[in-house]
Ligand SMILES: [Zn+2]
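Numbering (my numbering), first residue to last: 38 to 355.
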């Protein structure tokens with residue numbers, strides 16, 4: 038949200054707005070006004086000057102700022118920043134104008150050329166302003182450099198999309214490791230009868246290990262793919278365990294009878310499904326934790342073109 042005083046000033050001067058700051062040319066020089074906690078910061082970028090000129094600019098500004106209630110002034114070879122502290126009173130538009138005018142006068146008296154070049158090539162024609170969405174950094178680009186940046190961005194997005202679709206390796210890894218998980222779980226059911234259901238945790242862990250061991254891209258496999266592999270493995274394992282138990286109790290049972298029972302015996306089906314539900318329930322908490330870990334991806338910073346400020350700016354972006 039842009040501070041009201043900055044907005045008013047930007048409207049008067051036909052400036053651009055970038056999230057929490059306003060920027061543009063004032064009497065030929067490029068300025069940016071930032072609204073920070075307990076202060077406003079006025080900054081000006083200009084073409085690089087010699088150390089002697091920088092010292093003169095700094096001395097001239099400190100002299101002028103005595104009348105401008107500015108708190109801190111920083112002067113480098115191509116940048117000036119002045120902060121106005123706001124302890125009790127907010128900085129008003131007149132104070133900001135006085136600050137801007139003093140910078141303009143000092144730069145002009147030291148023969149600093151007006152305007153500022155493209156951040157990449159230095160060209161001063163038809164500049165566009167771009168701001169970073171995670172901080173208030175602004176860069177200026179000429180149409181040529183803006184087009185190059187756009188092509189680069191599109192290429193990166195395409196590469197990312199392509200990468201996102203390449204999960205085959207991860208899926209193969211998860212399936213291979215799930216087979217090991219199924220085997221371990223079945224063995225547990227044979228030898229550790231009372232804690233058979235704990236095998237589901239071994240299976241889930243092995244699927245995740247398989248996914249990460251075979252991972253070759255930075256993108257993480259969508260959780261739904263891993264969930265399907267997990268659920269299918271749980272169902273398969275419970276059928277194998279049930280088959281094994283039937284075989285132990287009725288050693289003469291034929292494979293055909295066993296399959297017929299799996300297909301048409303509804304009480305056997307509901308018994309197996311209950312066990313599947315218990316298995317999934319045991320894994321519910323780790324699955325929820327994993328889901329939140331995967332879904333809290335941090336989006337990287339993005340450069341957005343700054344727009345000319347208008348009266349209804351706030352309403353349009355909300
Ligand atoms: Zn350029």
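All C-beta atoms in this analysis are idealised placements derived from N, C-alpha and C, irrespective of residue type, glycine included.
- Not one heavy atom of ligand 1 is found less than 7 Å from the C-beta of residue 162.
- At a threshold of 7 Å, residue 84 does not count as near ligand 1, since its beta carbon sits no closer than that to any of the ligand's heavy atoms.
- Here DSSP, grouped into helix, strand and coil, assigns residue 163 to coil.
- Rounded to the nearest angstrom, the Cβ distance from residue 84 to residue 154 is 7 Å, consistent with a contact under 8 Å.
- For ligand 1, no non-hydrogen atom lies closer than 7 Å to the CB of residue 54.
- From the listed residues 324, 243, 103 and 342, the smallest Cα separation to residue 179 is found for 342.
- Closest by C-alpha distance to residue 228, out of 250, 73, 182 and 278, is 278.
- In the DSSP assignment, residue 175 forms a beta bridge with 168.
- Scanning the region 262-313 for uninterrupted alpha helix (DSSP H) segments of 4 residues or longer gives 292-301, listed from N- to C-terminal end.
- According to the DSSP assignment, residue 217 belongs to the alpha helix (DSSP H) that extends over 205-228.
- If you compare the alpha carbons of 217, 274 and 210 with that of residue 310, the shortest gap goes to 274.
- Distances from the CA of residue 169 to each of 345, 340 and 271 were compared; the closest alpha carbon is that of 340.
- Using a cutoff of 7 Å, the CB of residue 81 does not count as near ligand 1, since none of the ligand's heavy atoms is closer than that.
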